[in-house]
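>
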Amino acid sequence: MFGILFRIEAQPGKYQELVDFMKWDGKVCRDQEPGTLRFEFYRDPKDENALYVYEAYRDTQAFEAHKNNAPFQRWISGLQAELGTNLKILFRGEAAWSPED
């Protein structure tokens, strides 16, 4: 299993748009990506303008396939800078253990 956790702050006045985008991405993952095991995001309890995003994939190939979906392509084509700032990857890598194993 491959996972990634990152934190992102919304640009001023863009929090709801960021949340709406993440919902769209999560729905595409759920409906079109069998290799996506989890796609969740949480409001930072210390900053109401920031999210923690957790994604888990069957393997690195499933993560690479995720990068081809419409939301990810929109994200890297400029939406990230429009909606978010200070994106920080907290971890990215293979699971040491998972119930999926």
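One rule links them: number in the working numbering = place in the sequence shown (from 1) + 40.
Yeah, the Cβ is synthetic: ideal placement off N, Cα and C, and Gly gets one too.
Quick caveat: nothing in here was measured; it's all calculated off a predicted structure.
Please return the same chain residues whose Cβ sits closer than 8 Å to the Cβ of W115, not counting the five positions on each side in sequence.
Taken in chain order, the residues that qualify are F61 and D65.
> Residues in its own chain within less than 7 Å of L130 by CB, not counting five upstream and five downstream?
Hits under 7 Å: L45, F46 and R47.
> Are the beta-carbon atoms belonging to G124 and A105 less than 8 Å from one another?
Their beta carbons are not under 8 Å apart, which means G124 does not touch A105 by this criterion.
> If contacts are defined as beta-carbon pairs under 8 Å, then V68 and N109 qualify, I think. What distance do you get, rounded to the angstrom?
Confirmed, about 5 Å.
> In the structure shown, what three-state DSSP assignment does R47 receive?
If DSSP states are grouped into helix, strand and coil, R47 belongs with the strands.
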